[in-house]
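**Student:**
Residue numbers (the numbering used here): 26 to 302.
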């Protein structure tokens, strides 16, 4: 399991492009036949992926990193499939996940396996895990069951729909909040005006980014902004003090996930565009 340490705002504003990418960009996800996991000291989130091909993949435990006998002994995890149909097996119970379906798995489950319905056309499971002090039931959420919120306008190039899967009014969790956002064709901006939330950290996983397209992910303190160029199926870690917004060369989708002090989706501190530097 790769480990990322936390960088301060003062340190971050001195970084060049290569160092910013090394600290905040995760570009090793979705390798066929493998589980990839990155542990970040930013709210102790674990970001990962599973792409099972010929053989099922078992969610491993790195005891040296997380100090437990099994992965979910003191954690919870959200699994969102962005590929073809797959199966997640939790302590012997199978859950089929089609494209854009999500599974919340609570603290205390000992064995988690990932399998593709068609190994030649594998599922692409995105994983996000937070620490947990309470147990909640394992729950599957389909795309139709996710709570939609329509925002933006074509005039501002940010017409989009936010789908909430794991949140206070959906799948219950201890600390994890998770969903996805889809921009409509002709729209490029997300989360602008931007915000920070000093009580929670966030991770963005960009997907449905065309091969010849990129997304410029905006980050940093509101008065010390930076950008990271992101391509398809790459993730960016966003600490509490950083804005998190993006603009693409065409429309795209992204999974957002948060962990921290609460599970209130609306808990954020807005930053007006006139204050950005």
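Cβ atoms here follow ideal geometry from the backbone N, Cα and C, with glycine treated the same way.
For clarity, every value in this text was computed on a predicted model and none was experimentally measured.
Based on the DSSP output, what are the partners of residue 140 in its beta bridges?
**Tutor:** Paired residues: 112.
**Student:** Return the Cβ separation of residue 122 and residue 253 in integer angstroms, given the expectation that the two are a contact with Cβ distance under 8 Å.
**Tutor:** Contact doesn't hold; Cβ gap of about 29 Å is too wide.
**Student:** Between the segment 130-145 and the segment 92-102, do at least 3 Cβ pairs fall closer than 8 Å?
**Tutor:** Yes, the segment 130-145 touches the segment 92-102.
**Student:** Name the DSSP beta bridge partners of residue 119, please?
**Tutor:** Answer is 114.
**Student:** Can you check which of these residues, 204, 212, 198 and 205, is closest to residue 181 by C-alpha distance?
**Tutor:** Minimum Cα distance to residue 181 is reached at 212.
**Student:** Write down every uninterrupted run of the beta strand (DSSP E) in the segment 121-180 whose length is 3 residues or greater and which is fully enclosed by it, in chain order.
**Tutor:** Qualifying beta strand (DSSP E) stretches, in chain order: 127-130, 137-141, 150-156, 164-166 and 172-176.
**Student:** Identify which residue in 220, 246 and 210 has its Cα closest to the Cα of residue 234.
**Tutor:** Nearest of 220, 246 and 210 to residue 234, Cα basis: 210.
**Student:** Could you tell me how far apart the beta carbons of residue 163 and residue 188 are, in whole angstroms, since I believe they sit closer than 8 Å?
**Tutor:** That pair is no contact at about 20 Å.
**Student:** Considering just the uninterrupted stretch of the beta strand (DSSP E) at residue 251, what are its terminal residues?
**Tutor:** Note, residue 251: beta strand (DSSP E), 249-255.
**Student:** So what does residue 208 bridge to, in DSSP terms?
**Tutor:** Looking at the DSSP assignment, residue 208 forms a beta bridge with 185.
**Student:** Please report the distance separating the alpha-carbon of residue 190 from that of residue 248.
**Tutor:** The straight-line gap from Cα to Cα measures roughly 32 Å.
**Student:** Give the DSSP-derived three-state secondary structure of residue 99 in the structure shown.
**Tutor:** It is coil, neither helix nor strand.
**Student:** Runs of 4 residues minimum, wholly inside the segment 56-80: which ones carry the alpha helix (DSSP H) assignment?
**Tutor:** You should have found no qualifying run.
**Student:** Could you give the residue range of the beta strand (DSSP E) that holds residue 225?
**Tutor:** Looking at the DSSP string, the run of the beta strand (DSSP E) that includes residue 225 is 225-232.
**Student:** According to DSSP, is residue 259 part of a helix, a strand, or is it coil?
**Tutor:** Looking at residue 259 - three-state DSSP - the assignment turns out to be strand.
**Student:** Out of curiosity, what's the CA-to-CA distance linking residue 79 and residue 58?
**Tutor:** Rounded to the nearest angstrom, the two C-alpha atoms are 7 Å apart.
**Student:** 8 Å is my cut-off, CB to CB: does residue 276 come that close to chain D?
**Tutor:** Within the model displayed, chain D is absent; a lone protein chain is all it includes.
**Student:** Check each candidate in 184, 161, 70 and 119 and name the one with the smallest Cα separation from residue 229.
**Tutor:** Out of 184, 161, 70 and 119, 70 has the C-alpha closest to the C-alpha of residue 229.
**Student:** Could you tell me if residue 63 is buried or exposed, where buried requires 16 or more neighbouring beta carbons within 10 angstroms of its beta carbon?
**Tutor:** Under this definition residue 63 is a buried residue.
**Student:** Using only alpha-carbon positions, find the residue among 258, 284, 270 and 264 that is nearest to residue 52.
**Tutor:** The shortest Cα separation from residue 52 among 258, 284, 270 and 264 belongs to 258.
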